[in-house]
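Worksheet: the structure to be examined is printed underneath.
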Amino acid sequence: PLRREGRTVDERELVEAARQGDEDSFAELVRRHSGSIHRVVARMLGDEEEAWDVVQMAWLRAWQRLDRYDPHWKFSTWSHRIATNLAIDVIRARSSRERAHTNGGAVWLRPAPSSGRPGQLVEEKDVERILRDLVDDLTPQQRAAFILREVEGLETAEVARVLGCSKVTVRNHIFQARKALRRAMVERYPEYVPAGSEAR
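In this note's numbering, the protein residues as written are 372 to 571.
Shown next as structure tokens:
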């Protein structure tokens with residue numbers, strides 16, 4: 372961590388210094404937030420390397436737009452918003468081409484704990500393959516809202532700030548995402564759906 376006079380520099384101080392052109396302060400902000408931003412973008416894109424490209428592009432854009440930063444926002448929210456918007460652009464560009472399978476994997480997923488019963492075990496690679504297939508059908512906004520709220524655990528209000536929409540819109544995106552994922556699971560992978568479950 373960047374230290375001055377024996378103390379760790381406060382984030383607001385770093386942001387203000389960066390806005391004045393201090394590259395060391397901006398580099399410290401990058402160091403502090405790149406991990407969480409990359410995690411979100413990688414979960415949206417399903418590709419670690421492509422996610423790093425987006426993160427680098429996001430930091431370049433953040434540096435160029437520091438003069439527009441509103442200090443009433445948390446810097447992490449502002450920087451996440453830039454990266455998330457870029458990731459959404461990537462997803463939209465993909466959808467305009469023929470969908471091609473990648474080896475990126477659904478890096479935002481983790482296999483559920485096993486019940487321990489024969490026939491109930493699912494290999495991690497199968498969980499990743501299935502969920503990658505399902506999440507690809509979500510709209511970019513649904514995917515972003517679902518990952519930020521349900522996977523990253525952000526509050527609805529913060530997700531709304533990141534996505535630049537209302538809390539009602541965020542809740543609707545998440546509701547539609549859950550509905551779409553449940554329906555697709557029943558249709559494509561009924562063997563993994565608990566007995567009695569139905570797509571609504």
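For each residue, glycine too, the CB sits at the ideal point set by N, CA and C.
Residue i, DSSP secondary structure in three states
i	result
residue 510	coil
residue 488	With a pLDDT of 43 at residue 488, under the threshold of 50, the modelled position of that residue is not reliable, and the figure given next carries that caveat. Residue state, collapsed to three classes: coil.
residue 551	helix
residue 521	helix
residue 377	Confidence in residue 377 is poor, its pLDDT being 49 and thus under 50, which makes the residue's placement unreliable; the coordinate value appears in the next sentence. Coil, per DSSP.
residue 417	coil
residue 526	coil
residue 563	helix
residue 406	helix
residue 424	helix
residue 504	helix
residue 393	coil
Between the CA atoms of residue j and residue i - distance to the nearest angstrom
i	j	result
residue 516	residue 454	14 Å
residue 464	residue 538	26 Å
residue 427	residue 563	38 Å
residue 466	residue 407	25 Å
residue 549	residue 536	19 Å
residue 510	residue 389	35 Å
residue 413	residue 419	5 Å
residue 506	residue 560	14 Å
residue 497	residue 554	19 Å
residue 425	residue 459	10 Å
residue 518	residue 415	7 Å
residue 394	residue 379	17 Å
residue 551	residue 381	42 Å
residue 545	residue 520	8 Å
residue 457	residue 557	32 Å
residue 397	residue 543	36 Å
residue 436	residue 501	39 Å
residue 438	residue 432	11 Å
residue 508	residue 525	23 Å
residue 485	residue 512	Low confidence applies to residue 485: its pLDDT is 44, below 50, so where it sits in the model is not reliable, and the reading given next is rough at best. In a straight line, the C-alpha of residue 485 is about 31 Å away from that of residue 512.
residue 446	residue 434	12 Å
residue 444	residue 399	18 Å
residue 575	residue 547	Nothing can be reported for residue 575: it is not among the residues displayed for the chain, which extend from 372 to 571.
Beta-carbon separation (whole angstroms), residue i vs residue j, contact threshold 8 Å
i	j	result
residue 533	residue 448	6 Å
residue 409	residue 423	6 Å
residue 401	residue 430	5 Å
CB of residue i within 9 Å of CB of residue j, strictly
i	j	result
residue 503	residue 417	yes
residue 451	residue 386	no
residue 528	residue 540	no
residue 514	residue 442	no
Entirely enclosed alpha helix (DSSP H) segments - the region 427 to 474, minimum 4 residues:
446 to 466
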